[in-house]
Amino acid sequence: MTTTLSKQTPEEQRPRAPWRYGAAWGTRGAHIAQARHAVRSLLARAGHHPRERSSQDAELVVSELVTNAVRHAPGPGELLLEVSPDAAQLRISVRDSSPLPPRLQVPDAGRIGGHGLYLVTRLCDQVRTIALGTGKRVVAHLPLQQPAG
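Under full-length UniProt numbering, the sequence shown has 57 at position 57, and the numbering climbs by one with no breaks.
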């Protein structure tokens, strides 16, 4: 997995531009734990504590979307994260090589698995799929509580 992390302003100021993170993976798949760590670190740099509900929701959404990409597409893939300048929204973008859109399943307490996309749609303000020449991109917008401090 290749990663890029950037911050455009000094630590003590709110950014005028968003905080960003990017990672790509090949046919061997992504490391889900790395993706969770990346979103946790990015949000911490934007002032969100890892124990805040927003940070935990972000880890869940990133984990579910990257897991779906790895599980349902052979690779390559890409994860892009962007925290808005006011630290009030996280944009999560996951690209994979499968042309098939994700399928939202009706929740079933008796079924193991298949609940991830449902959870993502419940937590995010917007989730959309964009068809690409090869594969697709799933983009989710997660609202964030104002950072503590």
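Ideal placement from N, C-alpha and C gives every residue a C-beta, glycine not left out.
Assuming residue i and residue j are in contact, meaning their beta carbons sit under 8 Å apart, how far apart are those beta carbons, in whole angstroms?
{"i": "V83", "j": "P18", "result": "6 Å"}
{"i": "A131", "j": "P99", "result": "7 Å"}
{"i": "V39", "j": "A58", "result": "5 Å"}
{"i": "H141", "j": "R91", "result": "6 Å"}
{"i": "W25", "j": "G77", "result": "5 Å"}
{"i": "P50", "j": "Q89", "result": "About 18 Å; that fails the 8 Å criterion."}
What is the DSSP secondary structure of residue i, counted as helix, strand or coil?
{"i": "G116", "result": "helix"}
{"i": "V94", "result": "strand"}
{"i": "L100", "result": "coil"}
{"i": "V59", "result": "Contrary to the premise, residue 59 reads as Glu rather than Val in this sequence. Three-state result, E59: helix."}
{"i": "H141", "result": "strand"}
{"i": "T129", "result": "strand"}
{"i": "G135", "result": "coil"}
{"i": "Q89", "result": "strand"}
{"i": "V106", "result": "coil"}
{"i": "A23", "result": "strand"}
{"i": "residue 150", "result": "The question about residue 150 has no answer, for the chain in this structure spans 1 to 149."}
Looking at chain C, is there any beta carbon in it that lies within less than 9 Å of the beta carbon of residue i?
{"i": "S98", "result": "Structure shown: chain C not included; a single protein chain is present."}
Do residue j and residue i come within 9 Å of each other at the CB atom, strictly closer than that value?
{"i": "P79", "j": "S93", "result": "Note that residue 79 is Leu in the sequence shown, not Pro. Result yes, Cβ atoms of L79 and S93 sit closer than 9 Å."}
{"i": "P85", "j": "T27", "result": "no"}
{"i": "Y21", "j": "L81", "result": "yes"}
{"i": "T134", "j": "S97", "result": "yes"}
{"i": "residue 153", "j": "N68", "result": "Here the chain covers residues 1 to 149 and nothing more, so residue 153 does not appear."}
Does residue i pass the burial test, meaning 16 or more other C-beta atoms within 10 Å, or should it be called exposed?
{"i": "R53", "result": "exposed"}
{"i": "G113", "result": "exposed"}
{"i": "Q8", "result": "Note that Q8 has pLDDT 46, beneath the 50 cutoff, so the model's placement of it is unreliable and no number is given."}
{"i": "A87", "result": "buried"}
{"i": "D108", "result": "exposed"}
{"i": "R95", "result": "buried"}
{"i": "A35", "result": "buried"}
{"i": "H48", "result": "buried"}
{"i": "residue 157", "result": "Any question about residue 157 goes unanswered here, given that the chain covers just 1 to 149."}
{"i": "K136", "result": "buried"}
>> With three or more C-beta pairs closer than 8 Å as the rule, is the stretch 64-71 touching the stretch 112-123?
In response: Yes, since at least three Cβ pairs between the stretch 112-123 and the stretch 64-71 fall closer than 8 Å, the two stretches touch.
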